[in-house]
Amino acid sequence: MRRKTLGTFLLGTALMIFGLAPAISPTSRATQSEKQTFKIEDLAWLSGDWETAPGRAQIDEHWTKVAGGSMIGMSRTVAGGKTVFFEYLRIEARGAGIYYVAHPKARTPGTDFKLTRLTAQEAVFENPAHDFPKRIIYRKNGDGALTARVEGDGTEKEKPQDFHYRPIPRAN
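Take any residue in the sequence shown, note its place counting from 1, add 17, and you have its number in the numbering used here.
And the structure:
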């Protein structure tokens with residue numbers, strides 16, 4: 018009787034260890050997120066015209082509606098009455114996922130950031146190999162405003178930066 022109990026215990030323990038190993042392994046999380054499929058249509062909340070509050074510099078960002086598997090964007094920073102920075106942006110669906118492609122000052126090729134998380138109010142794009150930023154986050158706030166956040170590796174040199182946008186009213 019005791020032998021059967023010990024054998025059952027050992028078999029049960031082995032099954033539990035080997036059965037749980039994939040669930041607790043560090044690669045299982047990455048594999049699950051890689052298998053996550055996103056639809057570009059779920060980013061429709063980003064489309065529109067956005068601006069920061071007036072100050073020393075003002076930033077406006079514009080996103081087209083989703084069409085043809087992509088969204089096209091543009092960002093411009095104006096300070097002292099002059100354009101001091103601009104960036105062409107694109108979000109596109111590819112076979113391997115959805116990518117945010119940034120072309121600062123129209124530089125080519127652009128830098129790809131892969132969509133790694135998407136909810137009804139937030140999108141996270143990442144490129145761990147890029148110098149700065151490594152992560153770009155867009156969040157639609159409850160008041161209809163938009164927050165964009167860029168993050169680096171967390172060092173003093175690469176502190177996160179937040180950009181708070183409000184919708185630009187449409188002229189009639």
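Cβ coordinates follow ideal geometry from the N, Cα and C atoms, glycine included.
Contact set for residue i: own chain, Cβ-Cβ below 6 Å, skip 5 residues either direction
i      : result
ALA61  : VAL83
ALA165 : TYR155, PHE180
PRO126 : none
HIS79  : ASP66, MET91
PHE142 : TYR117, PHE130, LEU132, ILE153
For residue i, the first and last residue of its enclosing beta strand (DSSP E)
i     : result
ILE57 : Where ILE57 is concerned, there is no enclosing beta strand (DSSP E), given that its DSSP letter is neither H nor E.
Own chain, CB closer than 8 Å to residue i, minus 5 neighbours either side, in chain order
i      : result
SER87  : ILE57, ARG107, ILE108, GLU109, ALA110
THR100 : ARG93, THR94
Beta-carbon proximity list for residue i, same chain, < 7 Å, skipping 5 on both sides
i      : result
ASP59  : LEU135
ILE121 : Residue identity check: residue 121 is Pro in the sequence provided, not Ile. Closer than 7 Å at Cβ, skipping near neighbours: GLU104.
SER42  : Summary for SER42: the model assigns pLDDT 42, below 50, so the residue's position carries little reliability, and this model does not support an answer.
ASP129 : TYR116, VAL118, ASN144
GLU175 : PHE149, GLY169
CB contact flag (residue i, residue j, <8 Å)
i      : j     : result
ILE185 : GLU68 : yes
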